[in-house]
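Chains V and Y supply the protein sequences, listed in that same order. Residues 572 to 811 in the numbering used here are what the first sequence spells out, letter by letter. Residues 62 to 312 in the numbering used here are what the second sequence spells out, letter by letter.
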Amino acid sequence: MNQAAIILQNVHYSADGIHILKNITGSFPEGKITTLVGPSGAGKSTLFKLCNGLRSPDSGEILIKGKSIYEYDPLDLRRKVGIALQSATMIKGSVLDNLQLPLTLQGQKIEREYAEELLHDVGLGEEFIERNAKDLSGGQRQKLSIARTLVNKPKVLLLDEITSSLDRVSQHDIEELIEKINRKYGTTIIWITHNLDQALRIGHYTWVMMNGELIESGESSLLQNPQDKRVQEFVKGELE
Amino acid sequence: MSYLTLSLTLIFVLIPLLLSRTLKLGLEKDTLIATVRSIIQLLVVGYVLQYVFQADSFIFILLMILLMIGAATQNARKKGASIQGITWKLFITFVFIEILTQSILLGLNIVPATPQYIIPISGMVIGNSMVLGILFLNRFTAEVENQKEETELILSLGGTPKQAIHTQLITSIKASTIPTIESQKTIGLVQLPGMMSGQIIAGADPVQAVQFQLLILFLLLTTAVVTSIMLGFLSYPALFNKRMQFLKLKS
């Protein structure tokens, strides 16, 4: 396995008295695509928020590029570890307003050409640029959300079910885009997906999480031959 | 006004009581409680003010103002109970507003430094500030709750807490101050302000009454805007921790 972009050591996290992550220990290899699979409520999205610094673990250690998350300035950490949330929330305004939000927050503006290029990359034509973001469909919002996260040029990209509301063609386009980013910039990708075929197709490595625990991790092929009985049942159910 | 004349004003209490009973509105108990409370509270205040005015002591004025601020804080804090430390934030806001307005009024000799002016004006300022505080907190907590996904989005992209809460803050400040500004636009056309009406009824020159009313209106405009802004900027940091993480509102 390559050098780790993110290392988690005995990470625990709870909220409102509910133990959401239990003793998570593992790593995400640098420059690779790792998929995170598991049933709903497994703690996958929460794990992302911990890596991006939106939440802090109750105990345990998270290292990003060998440095504890507490050694990073929170703003710097969030720009380095970008996250595209499942909700694909939009702010009021146009597609351009949303796309350049990461730069607006730093008092800068996006160059028109770069904005168009990004939109083109995610499969939204330049004709979308002046459109009201609230008028976009769920799938179009997902695409814009990915493009927006890329504006910060993150070293690690956390993708939370970004293709869940896309049709097959769009899903394929996004998969190609993410693979291109991974190859071209060496960006570490961690991708939550419910689609095990997708995990097998695009992931170099995979983590299987259930009930707040990391059950199995390794090369994506483990999904075809899991060792743990719970994972076997989960995979069987999902692939059926 | 004699006590006999005053007792005749109770006719205006009897009318809603009779209507409530006839239409079975169930308002009789609340109407009676409100009537009795207002009689007792106003009479007590009347006698207290009479004593304070006669004593003409700075300590008594200060105590009266502190009492007003304490009561206003107690009343407004319920609306912002979900925000950490809201009690002292309200208290500081009311104290600041009082010092600001009285410094201008007394410092520039706009009104004489006597209890007859200081106490009623303080009452209006603090009372208005309390209403504005309640309006602001009501809107702000609702905005924070409704827009939490947007707040987290901005934080996740590397925005500061201030940037993440900016829209909610500005919306709430605007929403809470609009009633004050709008009512000033129609004042004199739709309604005659209570203080001015009271002065005219008591025999004051209407032009002088208008001058005083204008003073109060401008004072309340400052109070409204400063209260909302100050409370907003004191409140929003409580929604985030040192790691710039968005905290849930207290339930």
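Positions of the beta carbon are idealized from the N, C-alpha and C atoms, including for glycine.
Nearest-angstrom beta carbon gap, residue j and residue i [assumed within contact, 8 Å]
i, j, result
"I144/Y", "A299/Y", "5 Å"
"T330/Y", "G107/Y", "In the structure displayed, chain Y extends from 62 to 312; residue 330/Y sits before or after that span and is not available."
"V205/Y", "Q229/Y", "6 Å"
"P240/Y", "I248/Y", "Contact doesn't hold; Cβ gap of about 12 Å is too wide."
"K311/Y", "A203/Y", "The pair is not a contact, with the Cβ atoms about 15 Å apart (cut-off 8 Å)."
"L695/V", "Q711/V", "6 Å"
"M191/Y", "A137/Y", "5 Å"
Contact set for residue i: own chain, Cβ-Cβ below 7 Å, skip 5 residues either direction
i, result
"L78/Y", "E89, T92"
"I640/V", "G624, I633, L648"
"K615/V", "L607, G609, I763, M780"
"L82/Y", "Correcting the residue type first, residue 82/Y is Arg in the shown sequence and not Leu. Excluding residues within five positions, the ones whose Cβ falls inside 7 Å are E89."
"I277/Y", "M185, M256"
"A270/Y", "M257, Q260, I261"
"S289/Y", "L193, F197, I234, S237, T238"
"V802/V", "V779, I786, E787"
"Q245/Y", "L278, L282"
"D266/Y", "none"
Alpha-carbon to alpha-carbon, residue j and residue i
i, j, result
"Q671/V", "E698/V", "16 Å"
"T816/V", "L793/V", "Because chain V in this structure spans residues 572 to 811, residue 816/V falls outside the shown range and cannot be described."
"L123/Y", "L292/Y", "23 Å"
"I261/Y", "L275/Y", "14 Å"
"F152/Y", "N189/Y", "14 Å"
"S716/V", "F805/V", "29 Å"
"E784/V", "I94/Y", "60 Å"
"M167/Y", "A174/Y", "The sequence given here has Leu at residue 167/Y, not Met. The alpha-carbon atoms of L167/Y and A174/Y are separated by roughly 6 Å."
"S658/V", "S585/V", "22 Å"
"L127/Y", "R683/V", "58 Å"
"V582/V", "E746/V", "30 Å"
"A84/Y", "I120/Y", "Strictly speaking, residue 84/Y in this sequence is Leu, with Ala absent from that position. Near 51 Å, if we compare the C-alpha coordinates of I120/Y and L84/Y."
"S99/Y", "S68/Y", "14 Å"
"L110/Y", "I130/Y", "16 Å"
"Q115/Y", "L104/Y", "17 Å"
"E687/V", "P797/V", "43 Å"
"I595/V", "Q795/V", "23 Å"
"D644/V", "Q102/Y", "56 Å"
"K638/V", "I761/V", "18 Å"
"Q135/Y", "K150/Y", "12 Å"
When the options are compared against residue i, the one with the closest alpha-carbon
i, options, result
"V315/Y", "R82/Y, S81/Y, V74/Y", "The requested residue 315/Y does not occur in the structure, where chain Y is confined to residues 62 to 312."
"L625/V", "I180/Y, M305/Y, E159/Y", "M305/Y"
"F599/V", "F619/V, T617/V, A576/V, I589/V", "A576/V"
"Q677/V", "T70/Y, T241/Y, I101/Y, G219/Y", "G219/Y"
"T734/V", "G783/V, K714/V, D587/V", "K714/V"
"V172/Y", "N207/Y, E159/Y, A236/Y, F273/Y", "F273/Y"
"K663/V", "R702/V, E642/V, P645/V, P628/V", "R702/V"
"L161/Y", "G141/Y, Y178/Y, S183/Y, Q177/Y", "S183/Y"
"P181/Y", "L280/Y, V287/Y, S289/Y, A137/Y", "L280/Y"
"H590/V", "F619/V, D629/V, Q580/V, Q574/V", "D629/V"
"D799/V", "L646/V, G808/V, I786/V", "I786/V"
"T148/Y", "L310/Y, L295/Y, K309/Y", "L295/Y"
"Q769/V", "E601/V, D744/V, T758/V, T759/V", "D744/V"
"G602/V", "G808/V, G709/V, L592/V, L729/V", "L729/V"
"A613/V", "K593/V, P645/V, E642/V", "K593/V"
"K636/V", "P797/V, Q574/V, A704/V", "Q574/V"
"Q177/Y", "Q102/Y, T70/Y, V113/Y", "V113/Y"
"Q580/V", "E642/V, S627/V, G631/V", "G631/V"
"I179/Y", "Q135/Y, S118/Y, I231/Y, G146/Y", "S118/Y"
C-beta atoms of residue i and residue j nearer than 7 Å
i, j, result
"Y578/V", "L621/V", "At residue 578/V the sequence reads Ile, which differs from the Tyr that was named. Not a contact, by the Cβ cut-off of 7 Å."
"G597/V", "M781/V", "no"
"S748/V", "D692/V", "According to the sequence shown, residue 748/V is Leu rather than Ser. Cβ atoms of L748/V and D692/V: closer than 7 Å."
"L771/V", "S791/V", "yes"
"S164/Y", "F197/Y", "no"
"K755/V", "K651/V", "no"
"N199/Y", "K140/Y", "yes"
"I752/V", "T759/V", "no"
"L737/V", "A718/V", "no"
Residues of its chain near residue i, where Cβ-Cβ distance is below 8 Å and the 5 sequence neighbours each way are ignored
i, result
"I681/V", "L667, L670, Q671, L674, V722"
"G789/V", "Y776, T777"
"F307/Y", "K209, T212, E213, L216, P222, A225, L300, F301"
"E750/V", "I604, I773"
"I242/Y", "L282, A285"
"H318/Y", "Residue 318/Y is absent from the structure shown; chain Y starts at 62 and stops at 312."
"D731/V", "K615, S616, F619, I654, A655, L656, Q657, I763"
"I187/Y", "I126, M129, I130, A133, F155, I158, E159"
"L707/V", "M661, V666, F699, L715"
Spatial neighbours of residue i in its chain, beta-carbon cut-off 6 Å, leaving aside the 5 residues before and after
i, result
"T720/V", "G653, A655"
"A704/V", "M661, V666, N669"
"T70/Y", "none"
"G709/V", "S736"
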